[in-house]
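**Q** Chains as they are written, first to last, in my numbering: chain A, 1 to 377; chain B, 1001 to 1080.
For every residue, glycine included, the Cβ atom is placed at its ideal position computed from N, Cα and C.
I am attaching a structure below and will ask some questions about it afterwards.
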Amino acid sequence: MIYLDQAATTLPKPEQVAQACFDAVIGGGNAGRGGHEASLDPLRRAYDLRCRLARWFGLSYPERVCFTANVTDSLNIALQGLLRPGDHVITTAMEHNSVLRPLYLLRERGVELTILPADGFGRVEWHRLPDAVKANTRALVCCHGSNLTGNLNPLKTLGSFCRQRGIAFVVDAAQTAGIFPIHMEAQCIDLLCLTGHKSLLGPQGIGALLVGDGVEVAPLRVGGTGMQSHSKTQPEEYPTRLEAGTLNGVGIAGLSAALDYLEQRDVNELRRYEQQLAHRFFEGVAQLPGVTVYGDWSSEERCPIVSLNVEGWDPSALSDALARQFDIATRPGIHCAPLAHEALGTGAQGAVRFSFSHQNTLEEVDAAVAAMQCLST
Amino acid sequence: MPVHIKQAYAVVTFDTTTQALAMERRAKQLHIPGRIIPTPAAIVATCGLSWAVPVEREDEMRAMLTRHEIPYAGIHQVAL
């Protein structure tokens, strides 16, 4: 199979990730639930991973790295723990449902919501941001990179804007963490939401919420923590404040091994190679008859994602034909980004998304271009 | 312009991907014709999965769905 659905989850994972998960299944105890080595060993591994993630993402406080199940979990904890009735929050039309649905839920609970529009290239109309800010604006929430177009948002500019106005800046880094540089302190990010299984190359089921020191998040879940057990309330201290129940020791072991893999390589080189693959595919298909490619391709600096439609094809049927006839895996549909598709004018039919990682090859890209040539003529 | 020759299918939609996979399992057991496909945008623009059979086998599939009380959301004829 030629796997071009890397934005959904990266494949294949490094073998050392699989081995670390295997070892944790066979020998890992419950982190922080005893003084014996079977418990202490995964607890040390969890602490080490907190330190490494803090270092990777420019946060000075490893204890404020909280483990979650995935980026949706991180966003739910962040948004529901931050926003209260009467608060105002700003987001964009380019967001995934992992951002939009928690915000719609909060709107039902009395949070005021503004959604900034995007243009036909999927570019957020950021010039509208200053006018959108109100006295009760508590947060700006946006993705770093769009899961539909691959367009990037200017984190430093947005973070500085928010910091000057006392607005919390919440970033969904699902598509970029691990392969794009992100620095919470330099970019004034207050809450960084990550998943482990995309560009960070870890297993599914592990994510993280990194909480800047200028913001406090109320717990979404409460329960066992292994500490302060006589207290009737969740401990106030991070990370325990946001981590109720047994940690995902297998996921932590796998994500630690994935960081080993990435740290043995030049991540900037990996990113440039991924972008080269995406551009090669873009160049190969953009001029084909009947093909429409979406997004802003004026910048080289973008996620390795190419979404398109072919005239005469239902995108689901096109993706199915790519899978059946050419053994090429892509993602059709709405990509959990309904407002983004509306902005592109594809709300009624969706699109087919091709997404690349550094584990793809130039030959695979050329095979995908050849398949598209075949299907579009 | 591209020429894509379409074929007519009867497409069963579901409320969840779990229902679609339950359908696939039952279909294998009961020899119901068809296969899983991404839900066509012509039915609804979504990210879901559906069950498709060539339209000439629709009656046979409908009878099996009814006989075995397999839950589904709808059946649509679509050219794909």
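Give, in chain order, every residue of the segment 1029-1041 of chain B whose Cβ lies closer than 8 Å to some Cβ of chain A.
**A** Per Cβ criterion, the list reads I1037, P1038, T1039, P1040 and A1041.
**Q** Roughly how many angstroms lie between the CA atoms of R1067(B) and D320(A), to the nearest whole one?
**A** Using only the alpha carbons, I get a separation of about 29 Å.
**Q** Give the DSSP bridge partners of P1038(B), in chain order.
**A** BP columns for P1038(B) point to L1049(B).
**Q** Determine which residues of the segment 319-333 of chain A have a Cβ less than 7 Å from any Cβ of chain B, and write them out in chain order.
**A** If the cut-off is 7 Å between Cβ atoms, the segment 319-333 of chain A has S319, D320, P332 and G333 near chain B.
**Q** Taking 9 Å as the CB-CB limit, is D310(A) close to chain B?
**A** It is worth fixing the name first, because residue 310(A) is Val in this sequence and not Asp. Yes, V310(A) lies at the interface with chain B (some Cβ there is under 9 Å from its Cβ).
**Q** When burial is assigned at 16 or more other CB atoms within 10 Å of the CB, is S98(A) buried or exposed?
**A** Buried.
**Q** Does DSSP classify Q164(A) as helix, strand or coil?
**A** DSSP places Q164(A) in helix when its eight states are reduced to three.
**Q** In this structure, does DSSP put S146(A) in helix, strand or coil?
**A** If DSSP states are grouped into helix, strand and coil, S146(A) belongs with coil.
**Q** Taking C-beta pairs closer than 9 Å, name the residues in chain E that S74(A) reaches, listed in chain order.
**A** Absence of chain E from the displayed structure is noted, the protein chains being A and B.
**Q** Using the Cα positions of I2(A) and R50(A), report the straight-line distance between them to the nearest angstrom.
**A** Going from the Cα of I2(A) to the Cα of R50(A) covers about 34 Å.
**Q** Using DSSP bridges, identify the partner residues of A1010(B).
**A** Answer by DSSP bridge pairing, in chain order: V1053(B) and Q1077(B).
**Q** Taking 9 Å as the CB-CB limit, is L339(A) close to chain B?
**A** L339(A) does not count as touching chain B.
**Q** Which same chain residues end up closer than 8 Å to C336(A) when comparing Cβ atoms and leaving out the 5 residues on each side of it in sequence?
**A** Cβ within range, chain order: H96, N97, S98 and N147.
**Q** Pull up the DSSP beta-bridge partners for N309(A), would you.
**A** T292(A).
**Q** Q396(A) touches chain B at which residues, Cβ-Cβ below 7 Å?
**A** Chain A is shown only over 1 to 377; residue 396(A) falls outside these bounds and no answer can be derived.
**Q** May I ask you to report which of helix, strand or coil DSSP gives F169(A)?
**A** Correct three-state label for F169(A): strand.
**Q** Please tell me whether E112(A) and H88(A) are closer than 9 Å, where the distance is taken between their beta carbons.
**A** Going by C-beta atoms, E112(A) is nearer than 9 Å to H88(A).
**Q** Since A286(A) sits in a beta bridge, which residues does DSSP pair it with?
**A** DSSP lists no partner for A286(A).
**Q** So, using beta-carbon positions, are F180(A) and G145(A) closer together than 9 Å?
**A** It is a contact, given that the beta carbons lie within the stated cut-off.
**Q** Pull the bridge partners of A139(A) from the DSSP assignment, please.
**A** The partner list for A139(A) (beta bridge, DSSP) reads V89(A) and A168(A).
**Q** Just verifying my parser: in three-state terms, what is the DSSP assignment at C21(A)?
**A** Reduced to three states, the DSSP call for C21(A) is helix.
**Q** Just checking: is the beta-carbon of L1080(B) within a distance shorter than 9 Å of some beta-carbon in chain A?
**A** For L1080(B), the answer is yes, since a Cβ of chain A falls inside 9 Å of its Cβ.
**Q** Are P239(A) and L277(A) close, meaning C-beta to C-beta below 9 Å?
**A** No. Outside cutoff.
**Q** Taking 8 Å as the cut-off, is the beta-carbon of Q264(A) closer than that to any non-hydrogen atom of the ligand GDP?
**A** Looking for the ligand GDP in the displayed structure turns up nothing, as the structure carries no ligands at all.
**Q** Return the Cβ separation of G333(A) and G350(A) in integer angstroms, given the expectation that the two are a contact with Cβ distance under 8 Å.
**A** Yes, they are in contact, since the Cβ atoms of G333(A) and G350(A) sit about 5 Å apart, within 8 Å.
**Q** Between L375(A) and chain B, is the shortest Cβ-Cβ distance under 9 Å, so that the two count as touching?
**A** It does; some Cβ of chain B falls within 9 Å.
**Q** Using 8 Å for Cβ pairs, my map puts L194(A) next to V71(A). What's the rounded Cβ distance?
**A** Contact flag correct, Cβ pair sits at about 6 Å.
**Q** Closer than 9 Å, CB to CB, is D314(A) near chain B or not?
**A** Answer yes: the Cβ-Cβ gap between D314(A) and chain B drops below 9 Å somewhere.
**Q** For chain A, check one thing: does any of its Cβ atoms lie closer than 9 Å to the Cβ of G1074(B)?
**A** Chain A contact via Cβ: absent.
**Q** Roughly how many angstroms separate the alpha carbons of F161(A) and Y294(A), rounded to a whole number?
**A** Rounded to whole angstroms, F161(A) to Y294(A) spans 28 Å at the Cα level.
**Q** Would you mind telling me which residues of chain B sit closer than 7 Å to A317(A), beta carbon to beta carbon, in chain order?
**A** Ordered by position in chain B, the residues that pass the 7 Å Cβ test against A317(A) are P1040 and L1080.
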